[in-house]
Every structure is written in structure tokens, then in C-alpha cells.
Amino acid sequence: MATKLRLQRRGRKNYPFYQIIVADSRAPRDGKYIERIGSYNPNTHPATITLDFERALYWLQTGAQPTDTVRNILSEEGVLLKKHLLGGVKKGAFDEAEAEKRFEAWKNSKSQLAQKIKDKDNEQKRAEEKARLDAEKEVNKTRAEVLAKKKAEEEAANAPAPVEEEAPVAEETVEVAEPAGSVVEETVEAKVEEAAAEVEEAPAEVEEAPAEVEETPAETPAATEEAPAAEEKPAAEAAEEKTEE
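Sequential numbering of the sequence shown, starting at 1286, is according to the numbering used here.
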């Protein structure tokens, strides 16, 4: 019976998952199979492969023909290399110990390469995660600034007018300014009263001036009276002279 190593699809839409099976080459795609020897998940990077190494080697040695995809999987896992080395042992090219040594050397180099690929993938994932977080922080920062600005605008719109709040202060200022106005009024009134007093004193001085003028004529008759007295004195002296004679 011709057998084939092939993949059988499982999984869901847009997320395929495959089984590695051994089936009759004449069986339908989703028909019965002889044995399941592994699985293949291409959705991860690198792809996840599980394989029963010994059973896969057995079926290859019995003549089962793998499909292209399964052949690549078997090559990656070293099944084809192991079959080739065992063929060299049968031909007498080298013994089984040398075959195992060569296979282990290949396996170690393969594991190191796989580890490098895995480390590179992890580093790339960390870089992508960091970039995503930085972008998310920038978006959150921008969003917070927009929300803060919007909130400030709403508070400014809902807040009472600044003029109404300052109105009591303006009234107090006016009230404080009123005593200053009254002081000015009192000063003006005092100046007006002083000016009126000066005006009243000025007529008094004017009245005193005529009084002095009136006193001056009074003194003049007295002088006139003294003048006849002076005239009388020479007359008396003349009378005395006549008597002496």
C-alpha cells in the first residue's frame, strides 16, 4: 500500500492549524488516516512544530513519501539527515557512533541558530512593545491636554463674570473716596469763609479810614482856637509894655 506523509488542516477560519499524518495516498483529503505523528502551527514565529521523530523516521524507511511541506518540516527536524546517516552506516562508510556524533553536532548548531532567531524575535517584540507604549503615552498625554483645556474652557464659561465679583470692591473704593471729597469740600468751604471774612474786614478798614478823616477836621478847629490864643499873647505883651512906659 502506497503511503504518504502529509498535512491535514484543522483550526478555524484565518487561523489554520495542521496535523502531520500518515495516510493512504488514495484517501480523500479529510478522510481517514493511518497515524498522526505530529502537528504544525504556522501562526507563530518561528512556526511551532511537534513531531514524533522515531515514527517519522520509521515511515520514511518503510517507503512513505512526504509532501513538499512535510519534507521541509522533516528536514528542519533532522529526520532526513538521520535517515541519510543510517544509510551511510548500512553501506559501511562509517560506524553508528560516528553517525550519532555527526547528528549531535548538527543538532547543537541547529539549536544555537534557533535560539538566536528566538532571541532576535524577542528583542524585536520588546522594541515593538516599547514603541507601542511610547505611542500610547503620547496619545494619552495629548488626550489629557485636550481634556484639561476643554475643562478649563467649561469652567471659564460657567464661572461668574469677573466684573460682578469686583463690584463690591469698587463700591468700597467709592465709599473710601467719599471722605476725601468731603475733606475737599470742607477745605473749599473754609477757604470761602476766609475769603468772606477778609471781604468783611476790608469794608471795616474802609469805614475806619473816614473816621480818621473825620478826626482830622476836628483837630483843625482846635488849632484854629490855639491860633487866636497866640494872637492874644502878643496883645498882652504889648499891654504890659505900655504899662511900663
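Using N, Cα and C, we set each Cβ at its ideal position, and we do this for glycine too.
Unbroken alpha helix (DSSP H) run spanning residue i, endpoints
i	result
F1302	Note, F1302: premise wrong, no alpha helix (DSSP H); beta strand (DSSP E) at Y1300 to D1309.
I1319	Careful: I1319 lies outside any alpha helix (DSSP H) and carries neither H nor E.
G1363	Here G1363 belongs to no alpha helix (DSSP H), and DSSP marks it neither H nor E.
C-beta atoms of residue i and residue j nearer than 8 Å
i	j	result
F1338	L1366	no
Y1325	Y1343	no
T1352	R1291	yes
A1384	V1374	yes
D1404	H1330	no
S1310	A1287	yes
Q1346	K1368	yes
Cβ-Cβ separation, residue j to residue i (assumed contact under 8 Å), whole Å
i	j	result
Q1350	D1315	About 20 Å; that fails the 8 Å criterion.
V1364	I1305	11 Å between Cβ atoms; not a contact.
Status (buried if at least 16 other CB within 10 Å, exposed otherwise) for residue i
i	result
G1323	buried
K1289	buried
V1307	buried
A1429	exposed
I1358	buried
E1381	exposed
I1402	exposed
E1362	buried
A1341	buried
L1398	exposed
L1418	exposed
L1432	exposed
N1425	exposed
V1468	Its pLDDT being 44, under 50, V1468 is placed unreliably in this model, and the value from its coordinates should be taken loosely. By the neighbour-count rule (16 or more Cβ atoms within 10 Å), V1468 is not buried but exposed.
A1487	The predicted position of A1487 is uncertain, since its pLDDT is 48 and thus under 50; no value can be drawn from it.
Residue-level contact to chain D via CB, residue i, 8 Å cutoff
i	result
K1289	Considering every chain present, this structure includes no chain D. It has just one protein chain.
Per DSSP, the bridge partner or partners of residue i
i	result
Y1343	Bridge partners of Y1343: none, in fact.
S1394	Partner(s): none; S1394 has no beta bridge.
P1351	L1290
N1326	T1333
Terminal residues of the beta strand (DSSP E) in which residue i lies
i	result
Q1296	Residue 1296 is actually Gly in this sequence, not Gln. First-last of the beta strand (DSSP E) with G1296: T1288 to R1297.
T1335	T1333 to L1336
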